[in-house]
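Novice: Residue numbering for the sequence shown is 1340 to 2117, as defined by my numbering.
Every residue gets a Cβ at the ideal spot worked out from N, C-alpha and C, and that includes glycine.
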Amino acid sequence: MQTVEGYLNKIIFHNKENNYYILSIFLNDQYDFAEGDYLSVVGTFNDFDFVEDELYSFKGEIVQHRKYGTQLSAIVVEPVIEKDKEAIVSYLSSSIFQGVGRKTAELIVESLGVEALDKIYEDKDVLFAIKGIPTQRKDTIYATIVANKQTQDIILKLNEYNLSNNLILKIYNFYKHNTLRTITENPYSLIKDIKGINFKTVDKIAETNEITANDQERILYGFIYTINTYCFSTGNTYISKNNLLYNTFNILYSSRNIAVDKEDILKAYTYALDTAKLIEIEGRVFLPEIYYSEYSIYSDINRRLEMKNTEDISEKLLDKYIEEVEDELGIEYDIVQIAAIKNCIQNNFSILTGGPGTGKTTIILAVIKIFQKINNYSIHDLLDETRNIITLCAPTGKAAKRMSESTGFYASTIHKAIGWSTEDENMEEFVSDKSIKSELVIIDESSMIDVFLMYNLLKIIHKDAKIILVGDNDQLPSIAPGNVLNDLINSKAISTVKLNKIFRQSEHSSIINISHSIKNDIPFDILENFDDKEFISANKNEMINVISAVYDDLLKNTSKENIQILAPIYKGTSGINEINTAIQSRFNDNEEQIEYGELIYKVDDRVMQLVNRPEDNIFNGDIGYIKEIYKEGNKLKIVIDYDDNFVTYEKQELNQITLSYACSIHKAQGSEFENVIIPFIDNYNFMLNKNLTYTAITRAKKKLILCGNHNVFYKSIEPTNTVNRQTALEWFFTTDREANIEDIEIDEELKTYILDFQNINTIDPMIGMENIKPTDFL
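Now the structure itself:
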């Protein structure tokens, strides 16, 4: 068997039926059998696309053809990736090679050259001749090279595009052996398939592949990228046509510094509409999956509202049941709470909203008990999971746990209820094979629900089920696009009761009083201190020390499990990252640690899960503590305790967690903490708003400590400083859309990846052009 390398000069013959080829190659080396610089190669190569001037390796037998002379009859062909030192160093220092940093990788390449990987693969001893690398690590390097031999050339090729190691692995893990074909033939597909990749990165690959600046597919994916970015950064569900055209122009220009003609952009826009890759209604432009999700929510709820109420009960009997429940619970409902109970019982779809301490939980309990009485169910019937009579769920694991504790009934996350898992990364592409056949479905913390989650939930709930949305509509709306709870309330199509009177600890809780003052725009003095609330004045340069001192003081009377710091930004002065590093260094001196990227994790560290991991019963936002760091063979592992649920992670899975002494207010939504510390400094001004501050303050149960600039606090809660989103759900309810709504079926290939909150920071800024105005596109 002879191995020959050469550049493809020409495809002389190709039989498309059996993929038999006759090729002419320019030899990459001198071979004894060769009569010149060129050689004919013949063979059958299935599922292989040849590209002229690319380097290939062929394996086969040298034969003498009576007419054509010396030929290689090949049975194996592989692309040969020409290597450079930087690519090898990047590969060796990637997360594929555990325990190998850049210095070690540079030492190996310096000693063995660009053929280092092949030399080590063929002879393990060449690695052991290099001084300064521990023997055990050399064993690991050799074993990893052997295990990844088939993939290393692809990964090295991706390095030529100056991609990060993490991004390279994401691309390879998604496309596998089709990686090189994909980035060559359709690089823009990376935008929808690969999380964390931005348009400029993909466009550089496309430019390398000679895709022109005015190519229709390039402009189309510019539209898709622009609207994705816009919707996920703002929470809006559509963009205006003028904004889309203008911002797409900027995206395309900033990527290559080439202005695309207005005619080409408008032509591509027409193509996008004609192929249903975008939908436009009255100047509003939607992605099909967002449009379909929002309209389906409207359609589903509208159908439920038109159905006859399943609980046919007289007013007199309902009053009797309410009195019985009051006796059983030892409470007395006021007139608004009674109205709320009746509203939930007498409607197929209803909303219960109100701030903290207004009695939402006791109303849920009353509704469940009255539902039980009406249908003559025993408590055992309701608790019987096989009968599935009632379903309680919430957007987060913490919220579901609180719901379960307060009602005595099992509650799950919405994701678990619909069967969503980490494998189904894109909620907008998810298709559930589950169904909820319960008669009563209660959904808590509904302000957090986005259009994709609500759509997927509603479509699996039985058509006759009674549905109750519970939440505080003044809290933050969902991270993903949509404003579902507020849209439904504002539509006035859903029967809603809003609770305003405070019952829980009102005379003792300044936290609840402050939250209601913010909610109702009632002036108050934030500098006035109480037993459960303090404001400590400090400037931004003092903030880390002030937070640390407060944290230290709280630890004298409680444990770190009961303390949470909340901040609105990750980077910069007194951002979440800086606070976490400071608290860890001052309050955790444990020497057992592991490095991952820019973070160090130590035993006893407080960490947060960032993605749903239902197979281990942990979900996005769950907080745990590192209990053990150990080595199993060549693999480093850590064990995290989530409320006595011990979960083991390998090093490459540490991107699923982060330090959480401090966390974002969004991540804390749906959770409550005994003691909460919230800084307010000038750096936060651009992020703070009334909804964010209100949500942060209502996370505290017993002690709230605010520190920083009181003027920043007051500015954040101004009545005009609220989250306003452009969405279509309320519009569907309040406008007769029957004639204008487009009934669409989404082609799977048309669905596009929507950026998540974590990777939104990877987006390139849209650089404006002074001589281009939105009106140019009119």
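1. Mind checking tyrosine 1359: buried by the 16 CB within 10 Å criterion, or exposed?
2. Write down the C-beta distance between lysine 2042 and aspartate 1871 rounded to the nearest angstrom, noting that I regard them as a contact closer than 8 Å.
3. Grouping DSSP H, G and I as helix and E and B as strand, with all else coil, what is histidine 2049?
4. By alpha-carbon positions, which one of Ile1728, Phe2052, Val1706 ends up nearest to serine 1854?
5. Could you name the residues of the same chain whose beta carbon sits closer than 7 Å to that of glutamine 1403, not counting the 5 residues immediately before and after it, in chain order?
6. Only counting the same chain, and skipping five residues up and downstream in sequence, which positions put a Cβ closer than 7 Å to that of tyrosine 1370?
7. So what's threonine 1987 in DSSP terms, helix, strand or just coil?
8. Any idea what DSSP makes of phenylalanine 1710, helix, strand or coil?
9. So, is proline 1473 buried or exposed, given that buried needs 16 or more other C-beta atoms within 10 angstroms?
10. Within the chosen definition, does the segment 1637–1649 reach the segment 1597–1609 through at least 3 CB pairs nearer than 8 Å?
11. Any contact of the segment 1968–1985 with the segment 2006–2015, i.e. 3+ C-beta pairs under 8 Å?
12. Among the candidates Ser1528, His1754, Leu2031, Asp1673, whose CA atom is the shortest distance from the CA of alanine 1906?
13. Along the alpha helix (DSSP H) that carries alanine 1413, what are the first and last residues, could you check?
14. Would you call isoleucine 1674 buried or exposed, if buried means 16 or more other Cβ atoms sit within 10 Å of its Cβ?
15. Buried or exposed: where does glutamine 1676 fall if 16 or more other Cβ atoms within 10 Å of its Cβ makes it buried?
16. Going straight from the alpha carbon of lysine 1899 to that of leucine 1497, what length do you get?
17. Assess contact between the segment 1658–1669 and the segment 1814–1828, defined as three or more Cβ pairs (one per stretch) separated by less than 8 Å. Is contact present?
18. Consult DSSP for serine 1434 and reduce its assignment to one of helix, strand or coil.
19. Measure how close the beta-carbons of leucine 2068 and valine 1823 come, nearest whole angstrom, since I'm counting them as under 8 Å.
20. In the DSSP assignment, what residue or residues form a beta bridge with aspartate 1980?
21. Per DSSP, what kind of secondary structure is aspartate 1763 in: helix, strand or coil?
22. Find the nearest neighbour of aspartate 1961 within the set Arg1952, Glu1967, Ile1558, judged by alpha-carbon distance.
23. Give me whichever residues DSSP pairs with valine 2015 in a beta bridge.
24. Just curious, the beta strand (DSSP E) that serine 2003 is in, first and last residue?
25. Is it buried or exposed, phenylalanine 1397, if we count other Cβ atoms within 10 angstroms and call 16 or more buried?
26. Check for me: the alpha helix (DSSP H) holding isoleucine 1883 runs from which residue to which?
27. Report back the beta-carbon spacing between serine 1429 and asparagine 1487 to the nearest angstrom; my notes put them in contact at under 8 Å.
28. Considering Cα atoms alone, identify which of Leu1721, Glu1400, Asn1795 is closest to phenylalanine 1372.
29. From the DSSP output, read off the bridge partner residues of threonine 1342.
30. Taking Cβ positions, are isoleucine 2020 and serine 1913 nearer each other than 7 Å?
31. Between the Cα of leucine 1691 and the Cα atoms of Asn1641, Ile1775, Phe1748, Ile1806, which residue gives the shortest distance?
32. Would alanine 1413 and glycine 1375 be called neighbours here (beta carbons separated by less than 7 Å)?
33. Would you decide whether isoleucine 1351 is buried or exposed? Buried here means 16 or more other CB atoms lie within 10 Å of its CB.
34. What residue does the alpha helix (DSSP H) around leucine 1668 start on, and which one ends it?
35. Does isoleucine 1865 come out as helix, strand or coil in the three-state DSSP assignment?
36. Could you check which residue in Asn1994, Lys1970, Ile2044, Tyr1749 has the C-alpha nearest to that of glutamine 1475?
Specialist: Inspection of the coordinates gives the following:
1. A residue is called buried once 16 or more other Cβ atoms fall within 10 Å of its Cβ, and tyrosine 1359, having fewer, is exposed.
2. Indeed, because the Cβ distance is near 6 Å, the residues count as touching under 8 Å.
3. Looking at histidine 2049 - three-state DSSP - the assignment turns out to be helix.
4. For the residues Ile1728, Phe2052, Val1706, the minimum Cα distance to serine 1854 belongs to Phe2052.
5. Sequence-distant partners of glutamine 1403 (beyond 5 residues in either direction) whose C-beta falls short of 7 Å from its own C-beta, in its chain, are Thr1409.
6. Val1343, listed in sequence order.
7. Threonine 1987 falls in the strand class under three-state DSSP.
8. The three-state secondary structure of phenylalanine 1710, taken from DSSP, is helix.
9. Residue environment analysis places proline 1473 among the exposed positions, since fewer than 16 neighbouring C-beta atoms fall within 10 angstroms of its C-beta.
10. In short, these stretches do not touch, since the Cβ pair count stays below three.
11. The segment 1968–1985 vs the segment 2006–2015: no contact.
12. Nearest neighbour of alanine 1906 by Cα position, chosen from Ser1528, His1754, Leu2031, Asp1673, turns out to be Leu2031.
13. It is not in any alpha helix (DSSP H) - alanine 1413 instead sits in the beta strand (DSSP E) that spans 1408–1418.
14. Under a 10 Å Cβ-count criterion, isoleucine 1674 is classified as exposed, with fewer than 16 other Cβ atoms of the shown protein chains found around its own Cβ.
15. Per the 10 Å Cβ criterion, buried.
16. If you take the alpha carbons of lysine 1899 and leucine 1497, they lie about 44 Å apart.
17. Taking 8 Å as the limit for Cβ pairs, the verdict is that the segment 1814–1828 does not touch the segment 1658–1669.
18. Three-state result, serine 1434: coil.
19. Right, their Cβ atoms sit about 6 Å apart.
20. For aspartate 1980, which the question treats as bridged, DSSP gives the partners Tyr1964, Phe1985.
21. Note that aspartate 1763 scores a pLDDT of 47, beneath 50, so its modelled location is shaky and nothing firm can be said.
22. Selected option, being the one with the closest Cα: Arg1952.
23. Paired residues: Gln1903, Leu2043.
24. Its beta strand (DSSP E) spans residues 2001–2003.
25. The residue in question, phenylalanine 1397, is buried, as its Cβ has 16 or more Cβ neighbours within 10 Å.
26. DSSP places isoleucine 1883 inside the alpha helix (DSSP H), whose first and last residues are 1882–1894.
27. 14 Å between Cβ atoms; not a contact.
28. Here the closest residue by C-alpha is Glu1400.
29. Threonine 1342 pairs with Lys1398.
30. Annotated as proximal: isoleucine 2020 and serine 1913, with beta-carbon spacing under 7 Å.
31. Closest by alpha carbon: Ile1806.
32. Not a contact, by the Cβ cut-off of 7 Å.
33. Flag for isoleucine 1351 reads exposed.
34. In this chain, the alpha helix (DSSP H) harbouring leucine 1668 covers 1654–1668.
35. Looking at isoleucine 1865 - three-state DSSP - the assignment turns out to be coil, as it is neither helix nor strand.
36. It is Lys1970.
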